[in-house]
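Visitor: For reference, the structure I am asking about is given below.
Number of protein chains: 2
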Amino acid sequence: MNEPSGRRERKKAATRQKIADTALRLFLERGYEAVGIRDVAAEADVAVTTLFSHFASKEALVFEQDRGFEQGLVRAVADRAPGEPLIPALRSEIHALVRHCTAPGAAPVWNMIEASPALREYEESMRLRHAESLAAALAADLGVPEASIACRTIARFVIDAYALAREAEQPEAAVDEVFRMIEAAWAATDLG
Amino acid sequence: MNEPSGRRERKKAATRQKIADTALRLFLERGYEAVGIRDVAAEADVAVTTLFSHFASKEALVFEQDRGFEQGLVRAVADRAPGEPLIPALRSEIHALVRHCTAPGAAPVWNMIEASPALREYEESMRLRHAESLAAALAADLGVPEASIACRTIARFVIDAYALAREAEQPEAAVDEVFRMIEAAWAATDLG
DNA sequence: ACCGTAACACTAACGGTTAGCCTTTCGGAA
DNA sequence: TTCCGAAAGGCTAACCGTTAGTGTTACGGT
Chain A
1 MNEPSGRRER KKAATRQKIA DTALRLFLER GYEAVGIRDV AAEADVAVTT
51 LFSHFASKEA LVFEQDRGFE QGLVRAVADR APGEPLIPAL RSEIHALVRH
101 CTAPGAAPVW NMIEASPALR EYEESMRLRH AESLAAALAA DLGVPEASIA
151 CRTIARFVID AYALAREAEQ PEAAVDEVFR MIEAAWAATD LG
Chain B
1 MNEPSGRRER KKAATRQKIA DTALRLFLER GYEAVGIRDV AAEADVAVTT
51 LFSHFASKEA LVFEQDRGFE QGLVRAVADR APGEPLIPAL RSEIHALVRH
101 CTAPGAAPVW NMIEASPALR EYEESMRLRH AESLAAALAA DLGVPEASIA
151 CRTIARFVID AYALAREAEQ PEAAVDEVFR MIEAAWAATD LG
């Protein structure tokens, strides 16, 4: 009934990619707010409704790879080397994310995001989702109930580290500074 | 040129209050999404544009007292008794906020907020603003630069405590649990 | 060869938000 | 007291993101 591999899947993926590429190009050329959904759809040669069947919102066009970030975090916990302590594993994952975002080529996109309140707000709500996924992964890894306050707290703190680093002048140093605090917070729980 | 006290100010405040009261009443009666801005404006007997000159968005109608929360946090730092340690002062402020939100009479409003993604998202972005104000207050109180990572981190953590407590089954206990972690994080900084 | 359905298109609208422009009303200076 | 400037409010009309409703095409599995 399923087993995706087929022409359909390829076409769908191609359409999605074409929309995302077109959107990002237009946004960078003319500015995020100056480009309307109808512009993107027309330039990508798809209907507006098609665009929205691939992306839930205009902002989602910019954060196309959001899923990767989320899965990276979860895997940093679940798939870490046996015996590797939790917090350092998370720290290096956050380091990787920050490096990815501060890479030279990525500057224009992140400038655009910082210039748009709508995009900043969307990113924050995205991070909330990431924190919840991470909390679930932590709870699973530690064998405690999902609602565990300690897990949810650490998850939020880790996401905060990413957010704070992104706004800092020296992102890498900021990650280390915040993680020193997280390490202490973690040690203060029953679980640490 | 200014010195507010006048009939104009009173009328303006009255209009604002009337709009907020009407909006909250309609939202609770019919549900947040089922009530349109035009409904609120009509029922409050003002023009839509007038409504938007008092409130920046539909969501802002629900969080009318947002300012009070923000100032409370800042004052908890700035106006605390001389010699009183920082973190406990923040903890009792958060306790007060949580008690305020979990008060019996407030339940319908918070249920409504939890039921609406738009309102939840707005609340989160509101908290971001609060965290930034708190970070500034902390930096001022401690005599460190505004950009100080430690201040910004603690501010975020404190706001997280509020957010986590609001979602917890036992909000008061959650506040204490998170603040044990914050205390440890604070002690791990240069400032603590 | 055929059927079910996923992908896409088109039209219209809805609802929040804003721009442009005009009227009223108050506060304070002349 | 009078009058001017500005603030508050109003009206109209639109913009823009988003969705519902309704088809149409083309692919995949049977």
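If you read the protein sequences in the order shown, they are chains A and B.
If you read the first sequence in the UniProt record's numbering, its first letter stands for residue 1, the second for the next number, and so on.
If you read the second sequence in the UniProt record's numbering, its first letter stands for residue 1, the second for the next number, and so on.
Ideal placement from N, C-alpha and C gives every residue a C-beta, glycine not left out.
1) Look up Ile94 (chain B) in the DSSP assignment and say whether it is helix, strand or coil.
2) Flag this pair as touching only if the segment 171-187 of chain B and the segment 150-161 of chain B have three or more C-beta atom pairs under 8 Å; answer yes or no.
3) What residue from A:Leu97, A:Leu73, A:Ser53 has the CA that sits closest to Glu132 (chain A)'s CA?
4) Given 8 Å as the limit, is there contact between the segment 14-30 of chain A and the segment 80-90 of chain A, that is, 3 or more CB pairs closer than that?
5) Please list, in chain order, the chain B residues whose beta carbon lies closer than 7 Å to that of Ala184 (chain A).
6) Is Ala174 (chain B) close to chain A? Criterion is C-beta to C-beta, closer than 8 Å.
7) Grab me the residues of Val35 (chain B)'s own chain with a C-beta within less than 6 Å of its C-beta, minus the 5 sequence neighbours each way, in chain order.
8) Could you check how far apart the C-beta atoms of Val46 (chain B) and Thr15 (chain B) are, in whole angstroms? I think they sit under 8 Å.
9) For Asn2 (chain B), would you say it is in contact with chain A, using Cβ-to-Cβ distances shorter than 8 Å as the test?
10) For Leu191 (chain B), does the three-state DSSP call read helix, strand or coil?
11) On the criterion of 16 or more Cβ atoms from any shown chain inside 10 Å, does Asn2 (chain B) qualify as buried, or is it exposed?
12) Helix, strand or coil for Arg80 (chain B), going by three-state DSSP, please let me know.
13) Between the segment 33-54 of chain B and chain A, which residues of the former have a C-beta closer than 9 Å to a C-beta of the latter?
14) Could you tell me the alpha carbon to alpha carbon distance between Ser53 (chain B) and Val62 (chain B), rounded to whole angstroms?
15) Locate the alpha helix (DSSP H) running through Ser52 (chain A), then write down its first and last residues.
16) Give a yes or no on whether 8 Å exceeds the smallest Cβ distance from Thr102 (chain A) to chain B.
17) Is the distance from the Cβ of Glu59 (chain A) to the Cβ of Ala140 (chain A) below 8 Å?
18) Can you round the beta-carbon distance between Pro171 (chain B) and Thr102 (chain B) to whole angstroms, since I take them to be within the 8 Å contact cut?
19) Just verifying my parser: in three-state terms, what is the DSSP assignment at Met1 (chain A)?
20) Under 8 Å between C-beta atoms, does Arg166 (chain A) make it to chain B?
21) Under 7 Å Cβ-Cβ, which residues of chain A neighbour Ile113 (chain B)?
22) Under DSSP, the alpha helix (DSSP H) around Ser125 (chain A) begins and ends at which residues?
23) Among A:Glu33, A:Arg152, A:Thr50, A:Glu123, which residue has its Cα nearest to the Cα of Lys11 (chain A)?
24) Show which residues of chain B have a CB atom less than 9 Å away from the CB atom of Ala137 (chain A).
25) Helix, strand or coil for Glu64 (chain B) per DSSP?
26) Quick one: list the residues of chain B neighbouring Ile149 (chain A), beta-carbon separation under 7 Å, in chain order.
27) In the DSSP assignment, the alpha helix (DSSP H) including Tyr162 (chain A) goes from what residue to what residue?
28) Excluding the 5 residues preceding and the 5 following Ala174 (chain B) in the sequence, name in chain order all residues of the same chain whose CB lies nearer than 7 Å to its CB.
29) Output, in sequence order along the chain, the residues in the segment 115-132 of chain B whose CB is closer than 8 Å to any CB in chain A.
30) Below 8 Å on the Cβ atoms is my contact criterion, and I expect Ala177 (chain B) with Ile154 (chain A) to pass it. Report the Cβ-Cβ distance as a whole number of Å.
31) Verify the CB distance criterion: does Arg152 (chain B) have a CB-CB separation below 8 Å to chain A?
32) Tell me whether Pro104 (chain A) sits in a helix, a strand or coil according to DSSP, three-state version.
33) I want to verify the contact list: residues of chain B whose CB lies under 8 Å from the CB of Asp160 (chain A), in sequence order.
34) Can you check which of these residues, B:Ala42, B:Trp186, B:Arg80, B:Glu9, is closest to Ile19 (chain B) by C-alpha distance?
35) Just confirm the distance between the C-beta atoms of Tyr32 (chain A) and Ser125 (chain A), as a whole number of angstroms; I'd bet it's less than 8 Å.
Guide: Reading it off the structure:
1) helix
2) yes
3) Checking every option, the nearest Cα to that of Glu132 (chain A) belongs to A:Leu73.
4) no
5) Ala184, Ala185, Ala187, Ala188
6) yes
7) Leu26, Phe27
8) 7 Å
9) Per-residue confidence for Asn2 (chain B) stands at a pLDDT of 42, beneath the threshold of 50, marking its modelled position as unreliable; no derived number is given.
10) The three-state secondary structure of Leu191 (chain B), taken from DSSP, is coil.
11) In this prediction, Asn2 (chain B) has a pLDDT of 42, which is less than 50 and means its spatial position is unreliable; what the coordinates show is noted afterwards. It counts as exposed.
12) Coil, per DSSP.
13) none
14) Approximately 15 Å between the Cα atoms of the pair.
15) Strictly speaking, residue 52 (chain A) in this sequence is Phe, with Ser absent from that position. Element bounds for Phe52 (chain A): 48-54.
16) no
17) Against a cut-off of 8 Å, the Cβ pair of Ala140 (chain A) and Glu59 (chain A) comes out as no contact.
18) Contact holds; Cβ gap of about 6 Å.
19) Low per-residue confidence applies at Met1 (chain A): pLDDT is 45, beneath 50, and the placement is therefore not dependable enough to give any value.
20) no
21) Here the premise fails: no neighbours, minimum Cβ distance about 15 Å.
22) Its alpha helix (DSSP H) spans residues 117-142.
23) A:Thr50
24) By Cβ distance, chain B contributes nothing, its closest Cβ being about 17 Å from Ala137 (chain A), past 9 Å.
25) coil
26) Leu164, Ala168, Ala174, Glu177, Val178
27) 149-167
28) Leu164, Ala165, Ala168
29) Glu121, Glu124, Ser125, Leu128
30) Looking at the sequence provided, one finds Glu at residue 177 (chain B) rather than Ala. Going by Cβ atoms, the distance from Glu177 (chain B) to Ile154 (chain A) rounds to 12 Å, so no, they are not a contact pair.
31) yes
32) Reduced to three states, the DSSP call for Pro104 (chain A) is helix.
33) Thr153, Arg156, Phe157, Asp160
34) B:Ala42
35) Contact flag wrong, Cβ pair sits at about 17 Å.
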